[in-house]
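S.K.: Structure provided below as structure tokens; questions to follow.
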Amino acid sequence: MRYFQLVVIPILLTPFFSFAYSQSDQFNPLPTVEIKAICGDRICAEGENCDNCPQDCKCPINETCINGTCVPRGRCGNYICESSENCDNCPQDCKCPIGFSCSERVCVSKIQATGFAVLLVQVREKAPTLLLSVIVLLLAILIKKKMSELGIG
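Residue 62 is where the sequence shown starts when you use my numbering, and the numbers rise one by one after that.
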């Protein structure tokens, strides 16, 4: 009798449980609905950040937004140009070099692409080549002079 209760009854009930299981597999889950982010709804949703939707994705007071990410604020005036500082929001720490000015948080060249300024830039870029050419020319002149003194040339 004990064998019947432990082995036979579960075997007899198995079809009922397998039917219930197979029926549950046939139910479809609810369809997923894509909700698009709406800037200005006070919810910082996927796709929004502190750059493209500052209304919804505000940085804490001690942080600032850089490239869509909130980063700790630097301390302006400590003579260190930190990641949250730039030439626009902290010119004391992030000064532009001579010949550059701050435009949209970056230093850009003031040199106009006209006339003498372009020539100076080109000469400066090619200075090593020009110097080498002058040295080779001077060596050639000295060799030619020495050869003529010796009567070789």
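Virtual Cβ for every residue (Gly too), placed ideally from N, Cα, C.
(1) Quick one: grab the DSSP three-state call for Y82.
(2) Report yes or no: do the stretch 100-111 and the stretch 120-130 share at least 3 C-beta pairs separated by less than 8 Å?
(3) Within the same chain, show all residues whose beta-carbon is closer than 6 Å to that of N147, passing over the 5 residues directly before and after it, in chain order.
(4) Report yes if the CB atom of C137 is closer than 8 Å to the CB atom of Q153, and no otherwise.
(5) Taking buried to mean at least 16 other C-beta atoms within 10 Å of its own C-beta, is S164 buried or exposed?
(6) C168 bridges to which residues according to DSSP?
(7) Which of helix, strand or coil does DSSP assign to E219?
(8) From the DSSP output, in three-state form, read off T190 for me.
(9) Closest by CA to E95, which one among D102, A106 and G101?
M.R.: Result, derived from the coordinates:
(1) Its pLDDT being 49, under 50, Y82 is placed unreliably by the model, and the measurement read from it follows with that caveat. The answer is helix: DSSP assigns Y82 an H, G or I state.
(2) yes
(3) C155 and R166
(4) yes
(5) exposed
(6) C163
(7) The requested residue 219 does not occur in the structure, where the chain is confined to residues 62 to 214.
(8) helix
(9) Comparing Cα positions, the closest option is A106.
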